[in-house]
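The listed protein sequences derive, respectively, from chains A and B. Here the first sequence stands for residues 1043 to 1451, where the numbers follow my numbering. Here the second sequence stands for residues 1043 to 1451, where the numbers follow my numbering. All C-beta atoms, glycine included, are put in the ideal place defined by N, C-alpha and C.
There are 2 protein chains.
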Amino acid sequence: MLSCRHMIGQLLNRQYQRHASSITAKILEHRYVELTQTDGLQLKYPSIWLRDNCQCPECFHGATRARQSYWERSPLDAEANRVNYDEKRQQLVVNWQDDHNSVYDLEWLKQRDFSVEARQRYLDEVYKPPAQLWSKSQFGDVTREFAYKDVIEKDAVLGAWLEALAVQGFALLRGAPDDVQVARHLAERIGYIKLTTYGDVFEVKSKPNAGNYAYLMKPLPMHTDMPYYEYKAGINILHTLVQSDSPGGANTMTDGFFVADKLRREHPEYYELLSSVPVNWFDIGHDGDAGKPFHNLWRAPVICLDVDGQFARINHNTMKRDSRFTVPLDKVGAWYEAYDKFLQLVYDEAVQFKTRQGDVFVFNNLRMLHGRTAYEDSPKNQRHLVGAYVDWDIIYSKLRTLKFPNPKD
Amino acid sequence: MLSCRHMIGQLLNRQYQRHASSITAKILEHRYVELTQTDGLQLKYPSIWLRDNCQCPECFHGATRARQSYWERSPLDAEANRVNYDEKRQQLVVNWQDDHNSVYDLEWLKQRDFSVEARQRYLDEVYKPPAQLWSKSQFGDVTREFAYKDVIEKDAVLGAWLEALAVQGFALLRGAPDDVQVARHLAERIGYIKLTTYGDVFEVKSKPNAGNYAYLMKPLPMHTDMPYYEYKAGINILHTLVQSDSPGGANTMTDGFFVADKLRREHPEYYELLSSVPVNWFDIGHDGDAGKPFHNLWRAPVICLDVDGQFARINHNTMKRDSRFTVPLDKVGAWYEAYDKFLQLVYDEAVQFKTRQGDVFVFNNLRMLHGRTAYEDSPKNQRHLVGAYVDWDIIYSKLRTLKFPNPKD
Chain A
1043 MLSCRHMIGQ LLNRQYQRHA SSITAKILEH RYVELTQTDG LQLKYPSIWL RDNCQCPECF
1103 HGATRARQSY WERSPLDAEA NRVNYDEKRQ QLVVNWQDDH NSVYDLEWLK QRDFSVEARQ
1163 RYLDEVYKPP AQLWSKSQFG DVTREFAYKD VIEKDAVLGA WLEALAVQGF ALLRGAPDDV
1223 QVARHLAERI GYIKLTTYGD VFEVKSKPNA GNYAYLMKPL PMHTDMPYYE YKAGINILHT
1283 LVQSDSPGGA NTMTDGFFVA DKLRREHPEY YELLSSVPVN WFDIGHDGDA GKPFHNLWRA
1343 PVICLDVDGQ FARINHNTMK RDSRFTVPLD KVGAWYEAYD KFLQLVYDEA VQFKTRQGDV
1403 FVFNNLRMLH GRTAYEDSPK NQRHLVGAYV DWDIIYSKLR TLKFPNPKD
Chain B
1043 MLSCRHMIGQ LLNRQYQRHA SSITAKILEH RYVELTQTDG LQLKYPSIWL RDNCQCPECF
1103 HGATRARQSY WERSPLDAEA NRVNYDEKRQ QLVVNWQDDH NSVYDLEWLK QRDFSVEARQ
1163 RYLDEVYKPP AQLWSKSQFG DVTREFAYKD VIEKDAVLGA WLEALAVQGF ALLRGAPDDV
1223 QVARHLAERI GYIKLTTYGD VFEVKSKPNA GNYAYLMKPL PMHTDMPYYE YKAGINILHT
1283 LVQSDSPGGA NTMTDGFFVA DKLRREHPEY YELLSSVPVN WFDIGHDGDA GKPFHNLWRA
1343 PVICLDVDGQ FARINHNTMK RDSRFTVPLD KVGAWYEAYD KFLQLVYDEA VQFKTRQGDV
1403 FVFNNLRMLH GRTAYEDSPK NQRHLVGAYV DWDIIYSKLR TLKFPNPKD
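In structure tokens:
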């Protein structure tokens, strides 16, 4: 243990060094350039990467942020001749063996530090905020509410709402006007609406002879929308125009990433099956009586991971799971066993709540499973929601422009 | 070797048996139901799968094609009590231990045969037609041309065009009118256009102070559009309204799946790197001078595979490849080496052709790399293309509705 006086001494010393310390640059093993500061800062970059990312006007087109060198081959033969750190300008200067010179700002280099911590920080802060997984008992803690008006009018509230969708996976907006355009306005506030077979906004209300189970008054089991699309909707914006006076019509929801994580921890063999065995998701029909026919198919496991091994997408909709199960016979029984455990967890972890008129319930459709309890319409009370979809490409882009309004690079 | 007479005898015999043979059903190991025909037909189904897909009105909602049983658990405890094949109705009848009865048409069962061959046939014929990979020297053989008018007017030609996009990865339409709506009409003929940050249709012509490299007269290196989107555009529809009179402005194109396959065969260690190391693809800017800001990021390898191990997506755009390379330091040099070989193959296998006014060049943007040679506008001749995107979910759906206009199940 260090004494308090000793620690303060160290801090003062470090602070002093921050001003006085100098940076030295050197070439390592002909393949790396290393910057070392006397206070301990150490940055190491591959020469080939430095050459590939030379920021001079010949190599890089600033107006379009576009690399314009090494189009047909990579700079495999790039080798640094001399390197120098310019203290005054805070720049690394590299002279290459072909006599080209490159200059890199220290700040630019620091932002591209290859250390584990710096890379993770970039992914968490800029790429995607890490998801906060939650169990049924944590529902109260993770619920975020915003005033509809504030989301529309204030960028800071818009940002907080999108952050909640990324982190907690859902949010509730209150006080939306009695206007069928609310879902569309919210989608356009983010960027633009996702078009689907059904058009842009869609109405959820009970219809006689419905071609889609969601348009019946029956209960809707826990599901994600559109598992049968490769480009499944990112978020679902559901605006309650008229809520049912009957005891039913409540929303149910489970954090699918929480369930996947629990499965991975507690039943790794089931997790392995559900994240590898492809299921055929399907939607075949006509949009309305005279509408265009569609025949959608997508093969994907229940649990899908991204390139970093993070949960990317949950697919589940028992009504859209095809009877065609295109897997080897000996996988079938084992898959159903794993699937049974998944279902059990999904229902164990399901929360229930009933929106009111003017509420907008928005959730990450790649992550949350949602459902609805049965209800009864009456002539004077017909449940009526209007929905819209937006893709995550668009949401993350908007969130980043709000967090980093003037990205320099 | 069998004699000819012997073979004919066998064929006649088999033909006879097809009519006369009977099918017997039996339960195997308490877990499977097997159908055996005297001529050799053998079908085997897991009991749990049969129970899960019972087609009776209680278990299955015909109007919405939706399973309505086993929502909260899977039928793990389903065990067949008795099975019987009804020769007259050509149906398998299963009596379950809970006394439920299920009836399955033989034809329905055959379509869901779990054998390797039947599964592959389903994937190839219904899910996605297999891609025909092609090298530069095969370009002539794989080029498919259609009259624009026929694609708009005849469903059979529309189907052949979409099949070419799925199989060969590109096609040329000839004789489109001098109308900026052509790309939109084609997108709507398939289903609907993909919206992007740029709106719906987009114009490719040289612009002063362009914010996108494609809007300069410079050469465009080989690339795929939108690697920085998770939901990257499926196909690119490029209608030539005005072609350049200058020697340039020609299209270049390489089959990225062919290159990936060649790399896998000839340089497996490079293939491994390019199909696993994530690259940061980015697009940061404003849409036009006063337009909305965007900040797009997507991390993905150059070569992406689908759940069946088939090539799913090629990402490459040297101008949209971020200087932030969020991978461990020791991967960087090896990745550049693999990437160099990839680039070499892409340029070795590139074909070149110049569209004329009225041509519509359409290609699979998940598979083809495309580029453009430099050109010169003059006051009287300003190159002008109009483009539109459509996603593969929509294209495959349309193709299936054309191939299977009345799917029974």
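Closer than 7 Å: is that where the CB of residue i sits relative to any heavy atom of the ligand ADP?
i: A/Lys-1396; result: Ligands are entirely absent from the displayed structure, and the ligand ADP is therefore not among its contents.
Should residue i be flagged as near chain A, meaning a C-beta pair shorter than 8 Å?
i: B/Leu-1339; result: yes
i: B/Leu-1085; result: no
i: B/Asn-1254; result: yes
i: B/Gly-1375; result: yes
i: B/Pro-1343; result: yes
i: B/Trp-1113; result: yes
i: B/Tyr-1417; result: no
i: B/Tyr-1431; result: no
i: B/Gly-1327; result: yes
i: B/Ser-1179; result: no
i: B/Val-1349; result: yes
i: B/Gln-1108; result: The question names Gln, but residue 1108 of chain B is Ala in the sequence shown. True, the Cβ-Cβ gap to chain A drops below 8 Å.
i: B/Asp-1012; result: Residue coverage of chain B in this structure runs from 1043 to 1451, which leaves residue 1012 of chain B outside it and unanswerable.
i: B/Val-1402; result: no
i: B/Arg-1226; result: no
For residue i, tell me which candidate among the options has the shortest Cα-Cα distance.
i: B/Ser-1286; options: B/Tyr-1112, B/Asn-1123, B/Pro-1421 and B/Arg-1425; result: B/Arg-1425
i: B/Arg-1107; options: A/His-1337, A/Arg-1163 and A/Val-1432; result: A/His-1337
i: A/Ala-1208; options: A/Gln-1079, A/Pro-1343, A/Asp-1433 and A/Gly-1241; result: A/Asp-1433
i: A/Glu-1114; options: B/Leu-1387, B/Gly-1375, B/Arg-1409 and B/Thr-1443; result: B/Leu-1387
i: A/Tyr-1273; options: B/Arg-1216, B/Ala-1206, B/Ile-1437 and B/Val-1243; result: B/Ile-1437
i: A/Gln-1210; options: A/Lys-1247, A/Pro-1171 and A/Gln-1110; result: A/Pro-1171
i: B/Asp-1267; options: B/Val-1168, B/Leu-1280 and B/Thr-1078; result: B/Leu-1280
i: B/Thr-1360; options: B/Phe-1405, B/Gly-1413 and B/Tyr-1312; result: B/Gly-1413
i: A/Leu-1165; options: B/Ala-1206, B/Lys-1178, B/Lys-1445 and B/Val-1369; result: B/Val-1369
i: B/Ala-1292; options: B/Phe-1395, B/Glu-1314 and B/Met-1259; result: B/Phe-1395
i: A/Asp-1325; options: A/Asp-1364, A/Ala-1302 and A/Thr-1294; result: A/Asp-1364
Return helix, strand or coil for residue i, following the three-state DSSP convention.
i: A/Tyr-1381; result: helix
i: B/Asp-1303; result: helix
i: B/Val-1388; result: helix
i: B/Ala-1208; result: helix
i: A/Leu-1237; result: coil
i: A/Cys-1046; result: Reliability fails at A/Cys-1046, whose pLDDT of 45 lies under 50, so the model's placement of it is uncertain and no value is given.
i: A/Lys-1445; result: helix
i: A/Asp-1297; result: strand
i: A/Glu-1308; result: helix
i: B/Trp-1434; result: helix
i: B/Val-1393; result: strand
i: A/Gly-1201; result: helix
i: B/Val-1168; result: helix
i: A/Glu-1187; result: strand
i: B/Gly-1375; result: helix
i: A/Thr-1106; result: helix
i: A/Leu-1316; result: helix
i: B/Arg-1216; result: strand
Between residue i and chain B, is the shortest Cβ-Cβ distance under 8 Å, so that the two count as touching?
i: A/Met-1361; result: yes
i: A/Gln-1386; result: yes
i: A/Leu-1165; result: yes
i: A/Pro-1449; result: yes
i: A/Tyr-1234; result: yes
i: A/Ser-1439; result: yes
i: A/Leu-1379; result: First, the residue type needs correcting, since residue 1379 of chain A is Glu and not Leu in the sequence shown. Yes, A/Glu-1379 counts as interfacial toward chain B.
I'd like to know whether the C-beta of residue i is nearer than 8 Å to at least one C-beta of chain E.
i: A/Asp-1435; result: Chain labels in this structure do not include chain E; the protein chains are A and B.
Give the DSSP bridge partners of residue i, in chain order.
i: B/Thr-1078; result: B/Thr-1066 and B/Gln-1084
i: A/Ser-1420; result: A/Asn-1423
i: A/Ile-1326; result: A/His-1337
i: B/Gly-1413; result: B/Thr-1294
i: B/Asp-1147; result: B/Gln-1133
i: A/Asp-1128; result: A/Gln-1133
i: A/Gly-1429; result: A/Phe-1244 and A/Leu-1280
field: Near-chain A residues of the region 1117-1137 of chain B (beta-carbon distance less than 7 Å), N- to C-terminal order
entry: Shown in chain order are the members of the region 1117-1137 of chain B whose Cβ falls below 7 Å from a Cβ of chain A: Leu-1118.
message: Please list, in chain order, the residues of the region 1258-1276 of chain A that have any C-beta partner in chain B closer than 7 Å.
response: Residues are counted here when their Cβ sits less than 7 Å from a Cβ of chain B; for the region 1258-1276 of chain A these are Pro-1263, Tyr-1271, Glu-1272 and Tyr-1273, given in chain order.
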